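Some notes on the structure that comes next.
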Amino acid sequence: MLKLYDYWRSTASFRVRMALAYKFIPYEAESIHLVKNGGEQHSEKYAKINSSELVPTLVLPSGDHISQSLAIMTYLEDAYPEPSLLPSIGIEKYRALDIAGIIGSDLHPLNNLRVLQFLQSEFDVDDQQKMKWYTHWVKKGFEAVEAKLQHWPQKGDYAVGDDITIADIFIVAQIYNAERFNIPVCEYKRIQTIYDTCKEQAWYQKAYPQEPS
Ligand SMILES: N[C@@H](CCC(=O)N[C@@H](CS)C(=O)NCC(=O)O)C(=O)O
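In numbering that gives the first Met the number 0, the protein residues as written are 0 to 212.
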């Protein structure tokens, strides 16, 4: 069976949980608490599993480890092609990867826990300045995504084409994070539509962050 190291509030983990739920893939989970005891992601045991000291990490039945949510989702797409989360042909495939890149490579890393912690510990940034930093990069990212979604010809309930793709998953996971920091997304019309569509669906609700009891 697949094993996922994750943390309930982690948006990168939420992406992977949504892909697993959408594809009905069974897995076992082990929580890596990102805050407790200075962060379990930095423990010797976990650093051997993922040298980046970040979640998520997927362990395959072969014992191989895959980290990086996009790499994990690509593995899931290859190993469990149906239902698909990435169009196999046409411009839609690259559009989905484009959105995933804006959020996963341009936006999310700037607001990651370790970046915010470093700003505070090394540069004495206060909470207000931290929020200004966080909000700035969320807005830049969402503006870029919204502009692309407005420009592309298809304007249905999902980001690309008529079905959910990894683009929607990256978007809704980032919205969860933005809402935690009280940043509304209603000004981004296409993003809001995608969110309204996805949040009603079983795979979203199954994967939704829930604090372990
Ligand atoms: N690019 C990575 C990002 C992974 C990542 O940044 N995970 C965050 C949680 S969303 C984390 O583990 N943060 C711990 C820390 O910053 O110390 C991916 O997509 O998997």
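In this text, a Cβ means the ideal position worked out from N, Cα and C, and glycines have one as well.
Given the structure is predicted, the values throughout are model-derived calculations rather than measurements.
Residue burial classification, residue i (beta-carbon count within 10 angstroms, cutoff 16)
{"i": "A70", "result": "exposed"}
{"i": "M72", "result": "buried"}
{"i": "Y93", "result": "exposed"}
{"i": "R231", "result": "There is no way to answer for residue 231, as the model of the chain reaches only from 0 to 212."}
{"i": "D125", "result": "exposed"}
{"i": "S68", "result": "buried"}
{"i": "E91", "result": "buried"}
{"i": "F122", "result": "exposed"}
{"i": "N176", "result": "buried"}
{"i": "A166", "result": "buried"}
Per DSSP, cross-strand counterpart(s) of residue i
{"i": "D167", "result": "None, per the DSSP bridge assignment."}
{"i": "L3", "result": "A28 and L57"}
{"i": "I65", "result": "L57"}
Beta-carbon contacts of residue i that lie in its chain and below 8 Å, excluding the five residues immediately before and after
{"i": "Q281", "result": "There is no way to answer for residue 281, as the model of the chain reaches only from 0 to 212."}
{"i": "V54", "result": "Y4, D5, Y6, S9, A11, S12, I31, L33 and Q40"}
{"i": "G62", "result": "none"}
{"i": "K129", "result": "L115, L118 and Q119"}
For residue i, three-class secondary structure by DSSP
{"i": "I48", "result": "helix"}
{"i": "I182", "result": "coil"}
{"i": "E81", "result": "coil"}
{"i": "F23", "result": "coil"}
{"i": "V144", "result": "helix"}
Beta-carbon contacts of residue i that lie in its chain and below 7 Å, excluding the five residues immediately before and after
{"i": "P211", "result": "W7 and S30"}
{"i": "A18", "result": "M72, L75, L84 and I168"}
{"i": "S51", "result": "S66"}
Cβ-based neighbour list, residue i, same chain, cut-off 6 Å, excluding 5 preceding and 5 following
{"i": "P183", "result": "none"}
{"i": "V58", "result": "K2 and H64"}
{"i": "Q191", "result": "V184 and C185"}
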